[in-house]
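Residue 1124 in my numbering is what sits at position 87 of the sequence shown, and the numbering runs on without skipping anything. Only one structure is covered here, and it is reproduced in the block below.
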Amino acid sequence: MTQNIEVLTLSAMQHLAEVGFLASEMGLSDQAVTIFSGLAKIRPDQPHSEINLALVYARYDKADEAIELLQFLQKKFPDNQMIMSVLGVCLVQQEKPGALALLDHVLSRQTDTDAMNVARSCYDLAKQQQASREHKTPTEGLQFFRHYNHQV
């Protein structure tokens, strides 16, 4: 069965996106997912609705789904700086590697001011996490254990 989806005006789509954001903020994650998924089906050539969908996933403890969706979008829209920024933020929040490279790329390109603002929001934290990963030793976790055993 084929459904005809009438093309919504840009203004109508923006209003629906606002409703999706409000639903997310009010804890109505299922409704937010429905709204952003629907908008993505109407405009599959634009990543904005799916970026918003990833943000809903991240907000409701579905970070792995958010990261997976953003990685898919990055392949589909390889030059989109906002996708890179939001993916970088999600990776930072989950303390996963790769965030700093994405954020560095966005900041060095200087082509999308909004994406640059998102990238700046957690750039320092990404740098700290990267430095922490680079300086860990395999026995670092044992140091606490040794200290604890000396006290027994």
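From the three backbone atoms N, C-alpha and C, an ideal C-beta is built for every residue, glycine too.
The three-state secondary structure of asparagine 1154, taken from DSSP, is helix.
Rounded to the nearest whole angstrom, the CA to CA distance from proline 1115 to aspartate 1149 is 14 Å. Glutamine 1068 and alanine 1095 have their C-alpha atoms roughly 15 Å apart.
In this structure glycine 1064 is exposed. Its beta-carbon is surrounded by fewer than 16 other beta-carbon atoms within 10 angstroms. Excluding residues up to 5 positions away in sequence, Ile1072 lie with their Cβ nearer than 8 Å to the Cβ of valine 1056 in the same chain. Taking a C-beta distance under 8 Å as the contact criterion, leucine 1090 and methionine 1050 do not qualify as a contact pair. Across the set Lys1078, Ser1122 and Pro1081, the C-alpha of Ser1122 shows the shortest separation from the C-alpha of leucine 1092.
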